[in-house]
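Enquirer: Numbering-wise (this note's numbering), the sequence shown opens with residue 323 and increments by one. In this text, a Cβ means the ideal position worked out from N, Cα and C, and glycines have one as well.
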Amino acid sequence: MNVTALVAGLGIGGIAIGLAAQGIFSDLFAALSILFDKPFKRGDVIQFDQTTGTVERIGLKTTRLRSVNGELVVMANTKLLEREIRNFQGGRTRRCQLPFGLVYRTSPDELEKVTSLAKGAVESRKGCTFVRCAILGFGPSSIDFELLFDSRNTDANKVAGDRTAVALAVLRTFAEHELEFAYPTQTTFTAAPDGTMIMPYAAPAP
């Protein structure tokens with residue numbers, strides 16, 4: 323028997339086995355890290371990248387989540403821990419963002435009322451706390467606002483219900499005060515060869 327060839331073969335085989343097992347042991351140590359460090363546990367709702375789901379099982383190699391769309395998401399433990407994970411069970415409230423825009427013909431006096439009106443709309447929903455409502459900037463077709471409020475719910479469906487209720491309250495309140503929401507618009511200025519402005523502008527009154 324060629325001992326040199328046997329030893330060389332065993333060495334190459336050992337390297338191949340080691341490389342193949344490297345990923346398995348990495349996921350195993352990642353599973354132990356999840357169990358002992360507890361960044362999340364079974365039943366928690368977590369988000370990583372663009373995926374949000376409920377943790378159903380933490381295995382030795384993979385973690386399985388049930389996404390909000392119903393499908394089963396299987397993620398390697400090592401890859402999962404390499405990402406930024408948001409655990410929604412860790413907090414007592416969920417912050418909601420509701421952007422909107424008003425038309426430019428809204429007067430400054432009316433714009434000053436927006437914050438108080440938005441606050442009243444938020445407080446009309448039980449379990450919601452007003453944070454702020456402020457102007458973000460001047461958009462192409464609107465004066466842009468951002469409404470922030472906290473929902474004292476951690477369930478995604480209940481948070482969605484709070485966001486819907488607040489949005490409807492804002493719509494009703496703004497309609498009562500004749501505050502008009504903006505939509506994408508574009509104004510075209512047309513002039514005759516002599517420079518006279520024509521439609522859509524009417525001729526000035528004599």
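Just checking, does the segment 399–411 make contact with the segment 431–438 on the three C-beta pairs under 8 Å criterion?
Expert: The segment 399–411, when compared against the segment 431–438, does not touch it at the 8 Å Cβ threshold.
Enquirer: With H, G and I counted as helix, E and B as strand and the rest as coil, what does DSSP make of Phe452?
Expert: Reduced to three states, the DSSP call for Phe452 is strand.
Enquirer: Can you round the beta-carbon distance between Val488 and Leu420 to whole angstroms, since I take them to be within the 8 Å contact cut?
Expert: Correct: roughly 7 Å between the Cβ atoms.
Enquirer: Please name the residue, chosen from Phe503, Arg447 and Thr451, that lies closest to Gly461 on a Cα-to-Cα basis.
Expert: Closest option to Gly461, Cα to Cα, is Phe503.
Enquirer: Could you tell me whether the Cβ atoms of Ala353 and Leu394 are closer together than 8 Å?
Expert: No, they are not a contact pair.
Enquirer: Give me the Cβ distance between Arg485 and Cys418, rounded to the nearest whole Å; I'm assuming they're in contact under 8 Å.
Expert: Their Cβ separation, rounded to whole angstroms, is 5 Å, which keeps Arg485 and Cys418 in contact under 8 Å.
Enquirer: Please list, in chain order, all residues of the same chain as Val453 whose beta carbon is under 8 Å from its beta carbon, the five residues on each side excluded.
Expert: Closer than 8 Å at Cβ, skipping near neighbours: Arg417, Leu470, Phe471 and Asp472.
Enquirer: Compute the distance between the beta-carbons of Ala491 and Arg447, then report whether it is under 8 Å.
Expert: The answer is yes: Cβ separation under 8 Å.
Enquirer: Going by the CB atoms, is the gap between Thr384 and Val396 shorter than 8 Å?
Expert: A contact, by the Cβ cut-off of 8 Å.
Enquirer: Report the CB separation of Cys455 from Lys441 in whole angstroms; it is logged as a contact under 8 Å.
Expert: Going by Cβ atoms, the distance from Cys455 to Lys441 rounds to 7 Å, so yes, they are a contact pair.
Enquirer: In whole angstroms, what is the alpha-carbon distance linking Leu403 and Thr428?
Expert: The alpha-carbon atoms of Leu403 and Thr428 are separated by roughly 49 Å.
Enquirer: Please report the distance separating the alpha-carbon of Ser355 from that of Ile407.
Expert: Rounded to the nearest angstrom, the two C-alpha atoms are 14 Å apart.
Enquirer: Would Thr400 and Ser389 qualify as a contact pair, given that the criterion is a beta-carbon distance under 8 Å?
Expert: For Thr400 and Ser389, no; Cβs fall outside 8 Å.
Enquirer: Tell me which same chain residues have a C-beta within less than 8 Å of the C-beta of Leu357, skipping the five on either side of it?
Expert: Contacts found: Ile380.
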